[in-house]
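Notes follow the structure.
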Amino acid sequence: MLIANRGEIALRVVRACKELGIESVLAYSEADRDSLPVKLADRAVCIGPAQVNASYRKARAVVSAALAYKVDAVHPGYGFLSENADFAALCEQEDIGFIGPSSDIIRRMGDKIEAKVIARRAGVPTVPGSLGAIAQYDEARSVANEVGFPLLIKAAAGGGGRGMRVVESADTLERDLSEIMSEAEVAFGDPSVYIERYLTDIRHIEIQVVSDGDTVLHLGERDCTTQRRNQKLIEESPSPALDATLRQGLADAAVALCREVGYKNAGTVEFVFDNLERKYYFIEMNTRIQVEHPVSEMVSGLDLIKLQLLIAGGAAIGLTQQDVVISGHAIECRINAEDPENNFSPSPGKITNFRSPGGFGVRLDTHVESGYMIPPYYDSMIGKLICWGRDRDEAIVRTLRALDELVVDGIITTAAFHKEILDSGKFRSGDFNTAFVAEFLTSRGT
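The working numbering numbers the first residue of the sequence shown as 1 and each following residue consecutively.
In structure tokens:
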């Protein structure tokens, strides 16, 4: 199997392949020639220079490597080509297995407008707003009159916190609509946008699903509310905000959506949860493995990467929903090479000394080691610290202890900032929303 990714997720897939007896071929860029995933893969092939558009996002180069090595399948990891329907279609045309859903499902669920239509058809609640794409100001004004202000304009092809704009009043609606459509055209090659009510006191909650085409299972929820500028910093499971009824409702909604679209492989159904009304609404589906998937693995005991590979190979899951038992509490901190005291600016460079934390319930997914040079071309995440506890309090204490043990000399990381967040009264209370980190930074004067 060819692994078309880098960093910790590439290493994670290499390890799963080894345990399943699958030969791994890692596709890497020139910048990652000396990385740990390259060292540990059975074979490795350089597919281009450091720049992502000339290597990791170059679909034809990846497929050419897959054909040259006569692999059975390609695992895209997350980011890069993982939700690129054209890449998945190219793999299908060349009779190369794609570890994920079909190109048709990736395309349909990647279109935020069509995904909302599918969700409504499955009986899944969606945020009040336009029923389809907005093409002109008159349509936007009509939706605004119905939904009210503030409202949110979102690019249909957007994602990862990009392609969104809050509109506070009718005075700026026409200008904002024009600008976000232009931005969407440039960023995503698609000017389509839709409008929905802007909810101001929300949590971000997602359901991990896995399906073999017949059986659809959920692995509980992950709470991803601790964010900065729509980018997740800390994820946890279960959510401290949900009761048993809401938890079951979210899970049932995610499973219903998967059944409606005929989903196969691992995926994540994302929701916003309105703290005021205690209601949840579907926002999108990620048709790939998520950065934060280890949180669900820690509380369920299931290996999602292995399940992905087995399902892609034609195996049945072999479990029922009753077999999936959620136990304890897990927290994940994304450790980035960034300087929190300098507006989270990137901090590439050489790691002169590295020490991994350990002990019961502690897991560190990383590709770095002492002497590793962090290249400036890619995402700044260098690892994910995931800690399990019997309850949320123990998970927090264990994560703080593990962060104390972590040593990454030579660069600046976000580890100390994570300690501040985890040890704050607001986080420990579990009562917060997506504005929490912004308010925390304001209070500390950064």
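Each residue gets a CB set at the ideal place from its N, CA and C atoms; glycine is no exception.
query: Where do the N-terminal and C-terminal ends of the beta strand (DSSP E) with N265 fall, by residue?; result: 265 to 274
query: For K112 versus E369, is the C-beta spacing smaller than 7 Å?; result: no
query: Measuring CB to CB, does L40 end up less than 7 Å from H367?; result: no
query: At which residues does the alpha helix (DSSP H) containing V261 begin and terminate?; result: 244 to 261
query: Confirm, please, whether the CB-CB distance from P128 to R203 is below 7 Å.; result: no
query: Pull up the distance between the alpha-carbon of K116 and that of A133, whole angstroms please.; result: 11 Å
query: Measuring CB to CB, does I289 end up less than 7 Å from Y78?; result: yes
query: Please determine if the region 165 to 173 and the region 138 to 154 are in contact, where contact requires at least 3 C-beta pairs separated by less than 8 Å.; result: yes
query: Can you tell me which of the three DSSP states T352 falls into?; result: coil
query: Taking the Cβ atom as the reference point for each residue, do I452 and T215 lie within a distance shorter than 7 Å?; result: With the chain running from 1 to 446 in the structure shown, residue 452 is simply not present.
query: Do the region 238 to 247 and the region 179 to 190 touch if we need at least three Cβ pairs shorter than 8 Å?; result: no
query: Could you check the C-alpha separation between S296 and Q248 for me, to the nearest Å?; result: 16 Å
query: Might you give, ordered along the chain, the residues of its own chain that have their beta carbon closer than 6 Å to the beta carbon of R398, omitting 5 neighbours on each side?; result: G361, C387, G389
query: So what does DSSP say about D365, is it helix, strand or coil?; result: strand
query: For the structure I just gave you, are there three or more beta carbon pairs, one from the region 57 to 64 and one from the region 30 to 39, closer than 8 Å?; result: no
query: For a minimum of 3 consecutive residues, which ranges assigned as the beta strand (DSSP E) are wholly contained in the region 73 to 99?; result: 73 to 75
query: For F432, collect the residues of the same chain with a Cβ closer than 6 Å to its Cβ; drop the 5 residues on either side in sequence, then sort them by chain order.; result: K426
query: List the residues that DSSP assigns as beta-bridge partners of Q208.; result: T268
query: List the DSSP bridge partners of N336.; result: M381
query: Under a Cβ-count criterion, where at least 16 other Cβ atoms within 10 Å of its own Cβ denotes burial, should D220 be classed as buried or exposed?; result: The amino acid at residue 220 is misidentified as Asp; the sequence shows Gly. By the neighbour-count rule (16 or more Cβ atoms within 10 Å), G220 is buried.
query: So, at 7 Å on beta carbons, what are the nonlocal neighbours of V14 in its own chain, with the 5 sequence-adjacent residues on each side left out?; result: I3, S24, L26, P37, L40, A41
query: Provide the residue span of the beta strand (DSSP E) that contains S29, from first to last.; result: 25 to 29
query: Which term fits P76, buried or exposed, when burial requires 16 or more other beta carbons within 10 angstroms of its beta carbon?; result: buried
query: D14 by DSSP, collapsed to three states: which one?; result: First, the amino acid is wrong: residue 14 is Val here, not Asp. Helix at V14.
query: What is the DSSP secondary structure of T215, reduced to helix, strand or coil?; result: coil
query: For the beta strand (DSSP E) containing E236, list its first residue and its last residue.; result: 231 to 237
query: Got a sec, what are the start and stop residues for the beta strand (DSSP E) M285 sits in?; result: 279 to 286
query: Just the Cα atoms here: how many angstroms apart are N230 and E292?; result: 15 Å
query: For I202, which beta-bridge partners are listed by DSSP?; result: D274
query: Beta strand (DSSP E) containing V408: first to last residue?; result: 407 to 409
query: Would G100 be called buried (16 or more neighbouring beta carbons within 10 Å of its own) or exposed?; result: buried
query: From I9, A315, T287, pick the residue whose C-alpha is nearest to that of R334; which is it?; result: I9
query: Excluding sequence positions up to five away, which residues of its chain have a Cβ less than 7 Å from the Cβ of F271?; result: I205, E206, L250, Y280, Y281, F282, I283
query: Looking at the strands, I want to know which residues DSSP matches up with E194.; result: The sequence given here has Tyr at residue 194, not Glu. Note: Y194 sits in a beta bridge opposite K154.
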